[in-house]
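K.L.:
After the C-alpha cells below, expect a handful of questions from me.
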Amino acid sequence: MTDNGNIIEVDKLVKKFDELVAVNEVVFNVEKGEIFGFLGPNGAGKTTTINMLCTLLKPTAGNATVNGWDVINHRNEVRESIGMVFQDPSLDDRLTARENLEFHAVVYHVPRDVRAKRMKEVLDMVSLTDRAEDRVETYSGGMKRRLEIARGLLHYPKVLFLDEPTIGLDPQTRNYIWEYIEDLKKREGITIFLTTHYMEEAEHCDRIAIIDLGKIIALDTPEVLKDGVGGDVIKLKTEDDDAALVELHTKFPGLDMMQDPECRLCFKKEKGEEFIPDLIRDFGTRIVSVSVHRPTLDDVFLQMTGKEIREEGASDIANMRKMAKMGGRR
Amino acid sequence: MMDRHMDQLEPIDSIDVEKKIEESAEAYLHRTNTRRAFTGLYIVWLRDIKRFWRDTPRRIGAFVQPLIYLFLLGTGLQAAFKVFGGSNVQYVKFMFPGILGMTMLFTSVFSAISILWDREFGFLKEVLVSPVPRSSVAFGKIIGGATQAMMQGIILLILMFFPFLYGPSWETLLKALALIPLTLLLSIGLTAIGVAIAARMKSMEGFPMVMNLFLMPLFFLSGAMFPLQGLPPWMTFLTKINPLAYGVDMLRGVALKGVSITGTTTGVMGKTGPQMQTQRYPMWLDITVVVGFCIVFLLIAIWQFGRQEG
Chain A
59 MTDNGNIIEV DKLVKKFDEL VAVNEVVFNV EKGEIFGFLG PNGAGKTTTI NMLCTLLKPT
119 AGNATVNGWD VINHRNEVRE SIGMVFQDPS LDDRLTAREN LEFHAVVYHV PRDVRAKRMK
179 EVLDMVSLTD RAEDRVETYS GGMKRRLEIA RGLLHYPKVL FLDEPTIGLD PQTRNYIWEY
239 IEDLKKREGI TIFLTTHYME EAEHCDRIAI IDLGKIIALD TPEVLKDGVG GDVIKLKTED
299 DDAALVELHT KFPGLDMMQD PECRLCFKKE KGEEFIPDLI RDFGTRIVSV SVHRPTLDDV
359 FLQMTGKEIR EEGASDIANM RKMAKMGGRR
Chain B
-19 MMDRHMDQLE PIDSIDVEKK IEESAEAYLH RTNTRRAFTG LYIVWLRDIK RFWRDTPRRI
41 GAFVQPLIYL FLLGTGLQAA FKVFGGSNVQ YVKFMFPGIL GMTMLFTSVF SAISILWDRE
101 FGFLKEVLVS PVPRSSVAFG KIIGGATQAM MQGIILLILM FFPFLYGPSW ETLLKALALI
161 PLTLLLSIGL TAIGVAIAAR MKSMEGFPMV MNLFLMPLFF LSGAMFPLQG LPPWMTFLTK
221 INPLAYGVDM LRGVALKGVS ITGTTTGVMG KTGPQMQTQR YPMWLDITVV VGFCIVFLLI
281 AIWQFGRQEG
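Chains as they are written, first to last, in this note's numbering: chain A, 59 to 388; chain B, -19 to 290.
What follows is the structure, given as C-alpha cells:
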C-alpha cells in the first residue's frame, strides 16, 4: 500500500488490440475502502481496464499498482490481493457450490484449518448455505452471481473487482446484490471496484469515473457530477415538434437545449418545476406531456459525450425502475 | 565442564545470524511455493476427474470405446486376413498394442478440449486470475487427461488375459505390469500435445478440425493398424519422424515378446511372405524417443499455457 491511502494507482494505462485503442492513457486512483465505479457504455474499455488490473491482460503501455504491487512485475502478489467477479459466469456448473469454493480456497492458498469456517461464512452471507451441496447447474442466474461474490471474498481480498455485477439480473436480485455490496463495504472495509453501464447503479458508488471510447472523461462523486449538469432537465412532448421548437426559441430565448437528436425538446433549467407554469401558459403548439427531472448520471454522460449510454438486454426493466425511482423522488 | 562448553561456542556474528535467518526464510518460502504448486496441480486434476466421473455418457463411452476398437475392428480385420490367405495370422494379437496406443492417442489428446470448454464457460478465467502457478494448472490438466486415458488403458490391459489375446499366465501379468508405466508415459506426452494446441486456441470448433488434421496422419503412420514393413521409402521416412510410431513399437515389443503372429505360415498366394518383426527398433531407442517427445511437449504445453491472456 502506498502512503497516500490509494489502494489502486493507475498511470497512463494503454491497451491496444492491433490498431484499436481500447484503453487510452487512463489515469486514476482508488482510495482504500471506497466503492469506486467505472461507468460507461459497452465497449468503452471498462472490462479491458479491469482485465489489466487483475493481470489477465498485459498493458501496452503505462503503469498500474494494486495494493502496492505492480500489475506487470508482481502478478502473483496482485492476484493474491484481489477477488474477482467477472462479467460472464465463471463457475463450474458440474461441481457443487461447496466444491467450487473448495477449488477457490486451494488455488488461493487459504490455509486448510480455516477453509471450512470461511466457506460457511461466505455462504451464510449470500444465503446459499442450504444449497451448498447442490450442483451449480441447478442454480438461477441470481444465485450464481451471489455464489461468485461469495467466492471472490473467500480469501479475504483487499480489493473486490465486480465487472457488471448485476447484468442480466432481475431488479429484485439486483437490489439484493447491492445490499450485499454495501454491507460488505461497511463490515469488511474492503475496497470495491466495479464497472457498470446502469446509471442507477453508479449512484451507489462513492466516486465514479465516466469512461467513453477508452478515455476517462469525468471523475468525481455522483453528487458533484450531477451538480455539474446545471439545473433540472425538462422534457417536452408535443404534437408538432418542429413548430414547438421554433416557439420555444422565440418565447424563451437562450434556453439551454440538450444536444440530443432523439430528444429535441429537452432543455435544462434551474428550478424546473417553477418554470413549467410559464412554459405551458399560452403555448401555441399542443403539448402532449411535460416532465421534469433532477439530473441523473445519464444526463451527465449525455452532456459530456453528446450521447446516451445505450443499455442492452435488461434496458426496459432498467428504464422502468429509473422512472419509478424518479417518480418517487419528485 | 560448563565453562569448557561455553568456551567452545563461537562468538556470535550478527551479520552471520541475519544471513542465516534470511536463508531459512528463503528456504521456507521455497517450500511453501513448492507445496502450493503441488496442491494447485492436485485440485486442477481432481476437478477434471470429478467432471469426467459425473458425466455418465462420457464414462460409459470411455469404457466401451476400447472394446469396440478391439472387437469390431480386430475381429473384422482378422477375418480379412484369412480371406487374403494368411490363415494363421493372429491379427488381433498383433493389433492389440496398436489399439492400446490408439486409445492413448485419442483420449489423451482430446482430453485437452476441456481447456476450451473452460474458456467457453468462463471457468478458465477463475483459474488464470488466481495466484496458482500456470505451470501447475497445465501440469494438472496433463495429468488429468493422462488419468482418463489410463482408465481406458487399464481395461485394455485386463483384456490381455483373455485367451483370444495372450491368455492367463504369469508372463502376461509381467507384460501387463511392464506396460502400465510405458502407457502412462505415452499418455502424458500425448496429452501435452493436446494442451499445447488447446492453450492458444480460442474456438471450440477449430479443435476437432486441427486434431483430425494432425492426429489421423500420426495414427496411420504409427504402425498401430499395420506393420510398417515393406512401405515405399517416402512413407518409411514419415514413420521414422513420427514419435507415436516409436510409442507403438515400444508397446508392441513388450506385448508380443515371445508371441508368434505369422507362425510358420506360407504367405499370401502361397509365397513365403516377409517375416513379421515384432519390434523394429531396440527398446532403448523407443523409450528414449518417447521420453524425449514427452519432455519436449510438456515444456511447450507449459510455455503455451503460461503465455495466454485472459
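We put the CB at the ideal spot given by N, CA and C, even for glycine.
Remember, it's a predicted structure, so these values are computed and weren't measured experimentally.
Between residue 167 of chain A and chain B, is the shortest Cβ-Cβ distance under 8 Å, so that the two count as touching?
P.N.:
It does: the Cβ of residue 167 of chain A has a partner Cβ on chain B nearer than 8 Å.
K.L.:
How about residue 182 of chain B: is its Cβ closer than 7 Å to a heavy atom in the ligand PLP?
P.N.:
As presented, the structure is devoid of all ligands, the ligand PLP included, so that no description of it is given.
K.L.:
Using a Cβ cut-off of 8 Å, pull out every chain A residue sitting near residue 110 of chain B, in sequence order please.
P.N.:
Simply 137, 162, 165 and 166.
K.L.:
If I follow the unbroken alpha helix (DSSP H) through residue 56 of chain B, where does it start and stop?
P.N.:
Looking at the DSSP string, the run of the alpha helix (DSSP H) that includes residue 56 of chain B is 54 to 63.
K.L.:
Could you tell me which whole alpha helix (DSSP H) segments of length 4 or greater appear in the region 176 to 251 of chain A?
P.N.:
Counting only runs of 4 or more, we get 199 to 211 and 229 to 246.
K.L.:
What whole-angstrom Cβ distance do residue 255 of chain A and residue 99 of chain A have, given they're in contact under 8 Å?
P.N.:
Right, their Cβ atoms sit about 6 Å apart.
K.L.:
Since I believe residue 96 of chain B is in contact with residue 178 of chain B (beta carbons under 8 Å), could you give me their beta-carbon distance rounded to a whole number of angstroms?
P.N.:
Rounded, the Cβ-Cβ distance is 6 Å, consistent with contact.
K.L.:
Report the neighbours of residue 171 of chain A on chain B: residues whose CB is nearer than 7 Å to its CB, in chain order.
P.N.:
Neighbours of residue 171 of chain A on chain B: none; closest Cβ ~14 Å, over 7 Å.
K.L.:
Under DSSP, the beta strand (DSSP E) around residue 347 of chain A begins and ends at which residues?
P.N.:
Its beta strand (DSSP E) spans residues 345 to 351.
K.L.:
To be precise: take each residue of the region 110 to 134 of chain A, compare its Cβ to all Cβ atoms of chain E, and keep it if any distance is under 9 Å. Which residues remain?
P.N.:
Checking the listed chains, one finds no chain E in this structure; the protein chains it contains are A and B.
K.L.:
Give the DSSP bridge partners of residue 67 of chain A, in chain order.
P.N.:
Beta-bridge pairing links residue 67 of chain A to A:87 and A:123.
K.L.:
By how many angstroms is the C-alpha of residue 324 of chain A removed from the C-alpha of residue 295 of chain A?
P.N.:
Near 9 Å, if we compare the C-alpha coordinates of residue 324 of chain A and residue 295 of chain A.
K.L.:
Relative to the C-alpha of residue 220 of chain A, which residue among A:107, A:177, A:327 and A:155 is closest?
P.N.:
Comparing Cα positions, the closest option is A:107.
K.L.:
Go ahead and label residue 140 of chain A buried or exposed: buried means 16 or more other beta carbons lie within 10 angstroms of its beta carbon, across all protein chains shown.
P.N.:
The residue is buried, with at least 16 neighbouring Cβ atoms inside 10 Å.
K.L.:
Check whether the Cβ atoms of residue 102 of chain A and residue 272 of chain A lie closer than 8 Å to each other.
P.N.:
In contact: residue 102 of chain A and residue 272 of chain A (Cβ atoms closer than 8 Å).
K.L.:
Report the neighbours of residue 175 of chain B on chain A: residues whose CB is nearer than 9 Å to its CB, in chain order.
P.N.:
By Cβ distance, chain A contributes nothing, its closest Cβ being about 18 Å from residue 175 of chain B, past 9 Å.
K.L.:
Could you tell me if residue 259 of chain A is buried or exposed, where buried requires 16 or more neighbouring beta carbons within 10 angstroms of its beta carbon?
P.N.:
Buried.
K.L.:
What residues from the region -3 to 26 of chain B come within 7 Å of chain A, judged by C-beta to C-beta, listed N to C?
P.N.:
From the region -3 to 26 of chain B, only 16, 19, 20 and 23 have a Cβ closer than 7 Å to chain A.
K.L.:
Which whole runs of the alpha helix (DSSP H) in the region 279 to 333 of chain A are 4 residues long or more, in chain order?
P.N.:
List check, alpha helix (DSSP H) in window: 280 to 285 and 299 to 309.
K.L.:
Buried or exposed for residue 33 of chain B, going by 16 or more other Cβ atoms inside 10 Å?
P.N.:
Residue 33 of chain B comes out exposed.
K.L.:
Looking at chain A, is there any beta carbon in it that lies within less than 8 Å of the beta carbon of residue 121 of chain B?
P.N.:
Not an interface residue.
K.L.:
On the three-state DSSP scale, how would you describe residue 253 of chain A?
P.N.:
In the structure shown, residue 253 of chain A sits in a strand (DSSP, three-state: E or B).
K.L.:
How about the region 81 to 91 of chain A and the region 64 to 72 of chain A: do they share at least three Cβ pairs that are nearer than 8 Å?
P.N.:
Short answer: they touch.
K.L.:
Determine the contact status of residue 105 of chain B and residue 148 of chain A, defining contact as a CB-CB distance below 8 Å.
P.N.:
It is a contact, given that the beta carbons lie within the stated cut-off.
K.L.:
If the criterion is Cβ atoms closer than 8 Å, does the pair residue 291 of chain A and residue 326 of chain A meet it?
P.N.:
Yes; because the gap between Cβ atoms is below 8 Å, this pair is in contact.
K.L.:
Give the single residue among A:97, A:309, A:193 and A:62 whose Cα lies nearest to the Cα of residue 338 of chain A.
P.N.:
Closest option to residue 338 of chain A, Cα to Cα, is A:309.
K.L.:
Would you tell me roughly how many angstroms separate the C-alpha atoms of residue 370 of chain A and residue 225 of chain A, rounded to the nearest one?
P.N.:
Confidence at residue 370 of chain A is low in this model, with a pLDDT of 43, below 50, so the placement of that residue is unreliable and no value is reported for it.
K.L.:
Assuming residue 252 of chain A contacts residue 96 of chain A (C-beta within less than 8 Å), just tell me the rounded distance between them.
P.N.:
Contact holds; Cβ gap of about 7 Å.
K.L.:
Please classify residue 209 of chain B as buried or exposed, where buried requires at least 16 neighbouring CB atoms within 10 angstroms.
P.N.:
Exposed, by the Cβ-count rule.
K.L.:
Does the beta-carbon of residue 36 of chain B have 16 or more other beta-carbons within 10 angstroms, so that it is buried, or is it exposed?
P.N.:
With fewer than 16 other Cβ atoms within 10 Å, it is exposed.
K.L.:
Would you say residue 150 of chain A lies against chain B (beta-carbon separation less than 8 Å)?
P.N.:
Answer yes: the Cβ-Cβ gap between residue 150 of chain A and chain B drops below 8 Å somewhere.
K.L.:
Using a Cβ-Cβ distance cut-off of 8 Å, determine whether residue 115 of chain B contacts chain A.
P.N.:
No, no contact with chain A.
K.L.:
Mapping DSSP to helix, strand and coil, what is residue 76 of chain B?
P.N.:
Residue state, collapsed to three classes: helix.
K.L.:
Determine the contact status of residue 75 of chain B and residue 47 of chain B, defining contact as a CB-CB distance below 8 Å.
P.N.:
No, the Cβ-Cβ distance between residue 75 of chain B and residue 47 of chain B is not below 8 Å.
K.L.:
Check whether the Cβ of residue 107 of chain B lies closer than 8 Å to any Cβ atom in chain A.
P.N.:
Residue 107 of chain B counts as touching chain A.
K.L.:
So what does residue 73 of chain A bridge to, in DSSP terms?
P.N.:
BP columns for residue 73 of chain A point to A:81.
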